[in-house]
Structures are given as structure tokens and as C-alpha cells.
Amino acid sequence: MLNVSGLACSRGERRLFVDVGFSLAAGEWLHVQGDNGSGKTSMMRLLVGLSPADAGAIFWRGERAPSVEFRRDLIYLGHHAAVKEDLTPLENLRLAAALDGVALDERGALAALIRLGLRGREELPVRVLSAGQKRRVLLARLLTRPADLWVLDEAFNALDVAAVKLLGDLIAEHLAAGGMAILTSHQPLPVPGGKALVL
Amino acid sequence: MQWNSVGEFFAMGGYALYVWGSFGACAILLIAEPFLAKRRLKQIRQSLIRERLADELESQQRTQ
Amino acid sequence: MNAFFATVRRDLLLAMRRKSEVLTAVFFFVIVTSLFPLGIGPEPVLLKKIAPGILWVAALLATLLGLPRLFAADHVDGTLEQMALSPSPLGLLVAGKILAHWLLCGLPLVLLAPVLGLQFDLDASALGILTLALLLGTPLLSLIGAIGAALTLGVRGGGVLLALLVLPLYIPALIFGAGAVEAHIAGLDVGGHLSLLAAMLVLAAFFAPWATTAALRIALE
Amino acid sequence: MRQSLIQWFKFASPQSFYPLAGRMIPWFWAAAAVFGIAGLWISFFVAPTDAQQGEGYRIIFVHVPASWMSMFIYVVMAFWAGRGLALNTRVSAMMAQSLAPTGALMAALSLWTGALWGKPMWGAWWVWDARLTSELILFFLYLGFMALQAAIDDPRRADKAGAILALVGVVNIPIIYFSVKWWNTLHQGSTINLNKAPSMAQTMLWGMLLMALAFWMYSIAVALMRVRAIILERERHTEWVKHAVE
Numbered sequence: 001m002l003n004v005s006g007l008a009c010s011r012g013e014r015r016l017f018v019d020v021g022f023s024l025a026a027g028e029w030l031h032v033q034g035d036n037g038s039g040k041t042s043m044m045r046l047l048v049g050l051s052p053a054d055a056g057a058i059f060w061r062g063e064r065a066p067s068v069e070f071r072r073d074l075i076y077l078g079h080h081a082a083v084k085e086d087l088t089p090l091e092n093l094r095l096a097a098a099l100d101g102v103a104l105d106e107r108g109a110l111a112a113l114i115r116l117g118l119r120g121r122e123e124l125p126v127r128v129l130s131a132g133q134k135r136r137v138l139l140a141r142l143l144t145r146p147a148d149l150w151v152l153d154e155a156f157n158a159l160d161v162a163a164v165k166l167l168g169d170l171i172a173e174h175l176a177a178g179g180m181a182i183l184t185s186h187q188p189l190p191v192p193g194g195k196a197l198v199l
Numbered sequence: 001m002q003w004n005s006v007g008e009f010f011a012m013g014g015y016a017l018y019v020w021g022s023f024g025a026c027a028i029l030l031i032a033e034p035f036l037a038k039r040r041l042k043q044i045r046q047s048l049i050r051e052r053l054a055d056e057l058e059s060q061q062r063t064q
Numbered sequence: 001m002n003a004f005f006a007t008v009r010r011d012l013l014l015a016m017r018r019k020s021e022v023l024t025a026v027f028f029f030v031i032v033t034s035l036f037p038l039g040i041g042p043e044p045v046l047l048k049k050i051a052p053g054i055l056w057v058a059a060l061l062a063t064l065l066g067l068p069r070l071f072a073a074d075h076v077d078g079t080l081e082q083m084a085l086s087p088s089p090l091g092l093l094v095a096g097k098i099l100a101h102w103l104l105c106g107l108p109l110v111l112l113a114p115v116l117g118l119q120f121d122l123d124a125s126a127l128g129i130l131t132l133a134l135l136l137g138t139p140l141l142s143l144i145g146a147i148g149a150a151l152t153l154g155v156r157g158g159g160v161l162l163a164l165l166v167l168p169l170y171i172p173a174l175i176f177g178a179g180a181v182e183a184h185i186a187g188l189d190v191g192g193h194l195s196l197l198a199a200m201l202v203l204a205a206f207f208a209p210w211a212t213t214a215a216l217r218i219a220l221e
Numbered sequence: 001m002r003q004s005l006i007q008w009f010k011f012a013s014p015q016s017f018y019p020l021a022g023r024m025i026p027w028f029w030a031a032a033a034v035f036g037i038a039g040l041w042i043s044f045f046v047a048p049t050d051a052q053q054g055e056g057y058r059i060i061f062v063h064v065p066a067s068w069m070s071m072f073i074y075v076v077m078a079f080w081a082g083r084g085l086a087l088n089t090r091v092s093a094m095m096a097q098s099l100a101p102t103g104a105l106m107a108a109l110s111l112w113t114g115a116l117w118g119k120p121m122w123g124a125w126w127v128w129d130a131r132l133t134s135e136l137i138l139f140f141l142y143l144g145f146m147a148l149q150a151a152i153d154d155p156r157r158a159d160k161a162g163a164i165l166a167l168v169g170v171v172n173i174p175i176i177y178f179s180v181k182w183w184n185t186l187h188q189g190s191t192i193n194l195n196k197a198p199s200m201a202q203t204m205l206w207g208m209l210l211m212a213l214a215f216w217m218y219s220i221a222v223a224l225m226r227v228r229a230i231i232l233e234r235e236r237h238t239e240w241v242k243h244a245v246e
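Residue numbers (the working numbering), protein chains in the order written: chain A, 1 to 199; chain B, 1 to 64; chain C, 1 to 221; chain D, 1 to 246.
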């Protein structure tokens, strides 16, 4: 489904990696590993199409990415909070869905927030929430937007034990339903199986 | 030839300030610019040579 | 198109939560136009003559004031990244943001201009032309400004740089916008000025979101 | 055709363009010198005194070429920048970057000589004439381009952002020019029309043409010199640069 070959990337004058390739089929996930500064985040940004690769090709369902179909099937969560501090979690979720052209009613948004343990925080502005709770608002998007490929960069950071387990469960469910995931992390991840890619 | 003397040439029929001001400014800037470009090239070359020297010294010290 | 309106709604909602940012541009416009008579003197003939230019220059600077923030907040908190990866075309979302910027920073100026024009002893028909010219011209300012805002996104000294990039490009809008009112006061036909402003607006509406999108993708790399 | 295309892309790599530029520079300097000497000879010794403006009109021999070049260089710069953006060739973007200071210099010279011409002819250093005003705006566009490129640390991002700005500028220049011209005619009463240039004698035309050629060759030579420095600065960590300097 996802085929990546010959990927190369440099930051400024420094070569980060060359000739990286892998493929993912339905239900598989990839653990991108490496030291600080080895290019994990650059790799993720390159995979989703935010920055251009020096060389190499990415194919999604046999078509060259990034295409509109690829973006429709993709959720990327990076280092940024990517939520608006002045809006409530509910508004954040619904507006993000509207921007993506995805239908999301109040019931669906509320259900996602409650699953992520944000009961009672739905109507508060995001700026009064803690870092971990902000992260959970972002993670709620995994539930509100159907997408086959999850690209999560350091998604387990700033999460407490319960949330780490919850995210692990979410990913496992997603894989069981035939989804794919690419994750970066320093620590071992609470998700069984998975291919490894060391940069 | 419309100039009878060198002085007349430099006087430019009373327009000396304007004519020589224009031509002078052009001359100064058009001569200065290549020198600046040349200096930029020289600086980067020197820096490259310095770096190569540093590379050599480093490898020498490593072998010792 | 839903994504377009969702972007407009989102930016308006955000602005409503932080009213001070919207009001800054409006206050700036009011204060600058009111300062000119104090600096120049209360002579009605002179004020009437320079009114179109002053109102236009003030509108131009007031628009410029809000431009650095057009994409900066979304860039810092990562929502711009999400927009770039959204299945909706980025150009559409960018167009939505530009429209929201105009509704917040341009439209209030258009609505205030007739009131401020009274300070300069402009008659009713001149005020009408001024409003119409600003109605055509301020969206143009937002559109061109968005290109500059995207180019200077996350760049050192972005604010001053933005002014340097954008102000020369604003000159045609200033000339035809202020020119329309001047021509009207002088008893000339203003159709030419206004239709040229409209033509530039159409041209900019077509190309500016596209150029802005390209600049934003570069800024996100 | 195919062969020449391959040749072209070969020269489009910094490694092969660097020595090529080095070989071309002396030829352009020689051409600039020849045209310049011939042009200066005509400007001062062949062209007759003007009936209306006396000797003051001789400023035209530097003013007009500088103005032409300032406009021409912007278009060429936008072409290289756009080419760099579309084809992702590094040398194109470097050429655009290296042309900008020369273009700005030409615009500055045009403004300076224009002021020195205006003072004796119309009694003012500066008039809000359509051409002078457009030239001033062009100068600002150059400054904006250079400031934007200087403000962005990542050279590749600087190239692309600069390219978009240059292309936006090139679309806008005609609009700005015509709007300024319109504005000028509307305010005709308060300004003087520069269009009433002295009727062009054949020798004057030749002088201007030769000087313009000299400025053109000069611009190419100095831009090539600068692009060589830019190539070394940007490619300093590559292997070939380490061997290129002795």
C-alpha cells in the first residue's frame, strides 16, 4: 500500500540519510528509530509531503504521493500542539474537521473527547488545559477523521501512563481494522509487532 | 570636434557639475562593484584554503 | 467550498476571542487620519484637497498593521501544517484566511471612511466615491499583502521586511483609489479609475491566493 | 537538439558552471571596455552640442543605459529565479541572486543621473515624473528582493521565496508603470514632462546604443564574478569545491 524507495534528505549542508526504503501493507506499522538529530522528524515531514526529498519516491496505493487521495488517507500529528488556544476542545475538533472537509457532528466530537478522558473540559478554552490535555485534544482527531495512514511524530511525549496505554490501544485498534501507522519514539512503544527502521 | 581647449572640455559649457557628477558617479560605482565582487570571491577562497589547511593539520595530529 | 467558509468562520471566531487585535487597526486608522488636520491646520480648502490621499495612505498602513499576524499564529501552533496536509486544497483555505483578514481589517475601514471623511469637509457624493473606491481597493490590499506575509513568515525582522516588500506593490491601488476621489472632486469622470481598480482586484483575486500558497509551502519546508 | 539539451543541463550544475563562468568573464570585460571606449568617444567628442540643452544633455549617455539595464536586469533576474523555481536548478537561483545587486546599482545610477539632469533642465533635483517615480519603485523592488534573500537563513528557501517575489514583481512592474503614468498625467499642472527629450540625432543614438552595450557586457561580467563567489559559498562542503581552489 505504502511504498517508499531511495529516500534521501539533507538539512543545510548535512546529509541526514540516504537510500531509505520500506513498504507497509494493511495492518502493519513502522517504528522509526534513531538518536537525537538523526533525522526522524525530517523523515516524517518528508513522508507526508511537507518538505521535498533530495531523491527517492513515495507511492501510496500505486500512485505517487503527495496526491489529494494520499492527503485524504493521511493523518499527521507532529511536535506542534496544532490546536487553537482560544477555542474550546469541541470547537477545535469541529473546525479542524470542517477545514478537512470531513463531516463531524457534535455527538461524534463529544464521543471522541470523552474517550480521550477530556470529560468536563469540552467547553473550556484550550489555553487553561495542561500540556498533556492539549495533546489529548490533538489525539482526538485520530477518532474523528477516518484515515488509513497515521504518521505520528513523538506522539507519546507529554502523556501520562493512562494516556500512553490509551494511545497504544487506539493504534492497535486502527491496525486491526486494516490501517497503517508510522511512529517515532525513543522509548519502546506499547504496540505489538511492527517493523523497525533505524536512521 | 567641438572643444577648443582642455579647459573648455572640463567646463562642459557650464554644466560641469551635472555632467561630471553623473559620469563620475557611474565611473566610481562601476569600478567599485567589480572590486567588491572580486573581494567576495577572494574571501571565500581564503576561507576554503584555511579549511583545507585545518583538515590537513587535523589528520596529521591524528596520525601522530 | 465548505472548507473555504469553515476557514472564514474559524478566523472570525478567533478574532472575536481576541478583540484587541482587530480594534488596533481600526483605532490606528481613526487616529492617523485625525492627526493630519492637527499637523497641517484647519483650513478647509487644503484639507479637502489632501483628504483622499490621507485616507488612502492611512487605510494602507492600517491594513499593513494586521498583515504579519495573518499566518504567524497558525504557523507557530502548527495548524498551518495541518492545513497544508488537509485534503482540502490549501489555496482554498488561504483564500478563506485572506477574506477573513479583509472582513476584520479592511471592511471596518471602508465603513468608517465616510465618517472620517466628514472631518475633511468632503461632500456626500465624494464620500460615496471614497467608500466605493475603498470597497474595491482594500480587498486588493489584503490579497497582495498576503503574498508578502507568506514570504516573510518566520523570517528575522519580518515586520519591516513585509512593509518593504508590500508597499511598492500597493502603489497602483493607492494611485487609482485616491485618484478616483480627487477626480470626482475636480469634476471629472471616475469610471476609469474604478473599473481599473476592479480589474486589478479580479487579477489579484485570481493570482494572489496561488502565489501565497506557493510561498506558504516554501515557508513550511 | 537532444545533445544540446544535455549540454545545457551539464552547464547548469555549479561544478561545471564555475570554471565556465571563469573563462567567460575576461571576454565580457573586453567587450565592455571596447564598447565603453567607443561609446565615451562618441558621447564627448562626436555628438554635437544640443541646441536647447547645451552640453548638459550628455548625461543621457549614462542615464538612459543605466535605466534600460535596471529594467532589463529585473526581467532577466525574474527569468532565472522562475527557472530555478520550476526546474529546481541551483545555478539559475544563484544567477538571480547575483544579478540583484547589479540591477539595484543600475537603478541607483539612473536615479542619481536623472536628478543631476533634472536640476539644470527643470530647476529641481527631483520631479514626480512618471519615469523617475517608476524607477524609484523599481529600486525599492530590488531592495526588497535582496532584503528578503538576506533575511532567510536556509539558502534553498531563500531562493524559492525570492523567486516568487521576483515573479510577482515582474507581473506588477507594467501595472505600476502605467498607474504612475496615469497619475502623472492627472497631475500634469504641477509637474514637468520629461518626454520632451531633444530630438534624437543619429550620432546620439549610436552613442547611447554603444554605452548601453557596454553597460550590458559589464553587467554580465560582474554578475558572473559574483555568481562564482556565490557558488563557492554555497557549495563549500562539497568535494569538488575543496579541489577547485589551489
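Where is the CB? At the ideal position from N, CA and C, for every residue including glycine.
Can the beta-carbon of residue i be found closer than 8 Å to that of residue j?
i, j, result
"ARG234 of chain D", "GLY22 of chain D", "no"
"GLY84 of chain D", "SER92 of chain D", "yes"
"ALA140 of chain A", "LEU77 of chain A", "no"
"ILE147 of chain C", "TYR170 of chain C", "no"
"LEU149 of chain A", "ALA112 of chain A", "no"
"PHE61 of chain D", "GLY207 of chain D", "yes"
"PHE120 of chain C", "LYS48 of chain C", "yes"
"ALA96 of chain D", "MET77 of chain D", "yes"
Does any C-beta atom of chain C lie closer than 8 Å to the C-beta of residue i?
i, result
"LEU2 of chain A", "no"
"ASN172 of chain D", "yes"
"TRP183 of chain D", "yes"
"HIS80 of chain A", "yes"
"VAL46 of chain D", "no"
Give the straight-line distance between the Cα atoms of residue i and residue j, rounded to the nearest whole angstrom.
i, j, result
"ALA178 of chain C", "LEU90 of chain A", "46 Å"
"VAL241 of chain D", "GLN60 of chain B", "22 Å"
"ALA211 of chain C", "ALA161 of chain D", "10 Å"
"LYS40 of chain A", "SER110 of chain D", "52 Å"
"PHE59 of chain A", "VAL198 of chain A", "21 Å"
"PHE178 of chain D", "GLU69 of chain A", "45 Å"
"PHE215 of chain D", "ALA163 of chain C", "32 Å"
"LEU107 of chain C", "ARG9 of chain C", "16 Å"
"ASP77 of chain C", "PHE71 of chain C", "10 Å"
Looking at chain D, is there any beta carbon in it that lies within less than 8 Å of the beta carbon of residue i?
i, result
"ARG280 of chain C", "Only positions 1 to 221 of chain C appear in the structure, and residue 280 of chain C is not among them; the question remains open."
"LEU151 of chain C", "yes"
"ALA146 of chain C", "no"
"SER59 of chain B", "no"
"GLY21 of chain B", "yes"
"GLN2 of chain B", "yes"
If I measure Cβ to Cβ from residue i and keep anything under 7 Å in the same chain, skipping five residues before and after, which residues do I get?
i, result
"GLY54 of chain D", "none"
"GLU182 of chain C", "PRO52"
"LEU225 of chain A", "Chain A is shown only over 1 to 199; residue 225 of chain A falls outside these bounds and no answer can be derived."
"TYR18 of chain D", "ARG228, ILE231, ALA244"
Just checking: is the beta-carbon of residue i within a distance shorter than 8 Å of some beta-carbon in chain B?
i, result
"LEU210 of chain D", "no"
"VAL76 of chain D", "no"
"GLU135 of chain D", "no"
"ILE192 of chain D", "Summary for ILE192 of chain D: the model assigns pLDDT 42, below 50, so the residue's position carries little reliability; its value from the coordinates is reported in the next sentence. Chain B, which has no Cβ nearer than 8 Å to the Cβ of ILE192 of chain D, makes this no."
"ILE59 of chain D", "yes"
Using a beta-carbon distance below 8 Å, is residue i in contact with chain A?
i, result
"GLN82 of chain C", "yes"
"THR131 of chain C", "no"
Might you give, ordered along the chain, the residues of its own chain that have their beta carbon closer than 6 Å to the beta carbon of residue i, omitting 5 neighbours on each side?
i, result
"SER23 of chain A", "ASN3"
"THR133 of chain D", "VAL180"
"TRP102 of chain C", "PRO139, SER142"
For residue i, I'd like the list of residues in its chain whose CB is within less than 8 Å of its CB, leaving aside the five on either flank, ordered along the chain.
i, result
"VAL245 of chain D", "LEU232"
"ALA113 of chain C", "LEU55, ALA59, LEU127, LEU130, THR131, LEU134"
Q: Could you run through the segment 56–78 of chain A and flag, in chain order, every residue whose CB is less than 7 Å away from some CB of chain C?
A: VAL68, ARG71, ARG72, LEU74, TYR76, GLY78
(Q) Against chain B, which members of the segment 105–120 of chain D pass a CB distance test of less than 8 Å? (A) LEU105, ALA108, LEU109, TRP112, THR113, LEU116, TRP117, LYS119, PRO120
Q. Mind listing which residues of the segment 210–238 of chain D have their C-beta closer than 7 Å to chain B's C-betas, in chain order?
A. TYR218, VAL222, MET225, ARG226, ARG228, ALA229, LEU232, GLU233, ARG236
Q: Taking only beta carbons into account, state which residues of the segment 30–54 of chain B come closer than 7 Å to chain D, listed in chain order.
A: LEU30, GLU33, PRO34, ALA37, LYS38, ARG40, LEU41, ILE44, ARG45, LEU48, ILE49, ARG52
Q) Which residues, in order along the segment 84–98 of chain C, keep a beta-carbon less than 7 Å from a beta-carbon of chain A? A) ALA84, LEU85, SER86, PRO87, SER88, LEU93
Q. When Cβ atoms are compared, which residues of the segment 140–159 of chain D fall closer than 7 Å to chain C?
A. PHE140, LEU141, LEU143, GLY144, ALA147, LEU148, ALA151, ILE152, ARG157
Q. Which residues, in chain order, does the segment 14–36 of chain D contribute to contact with chain B at a C-beta distance below 7 Å?
A. none
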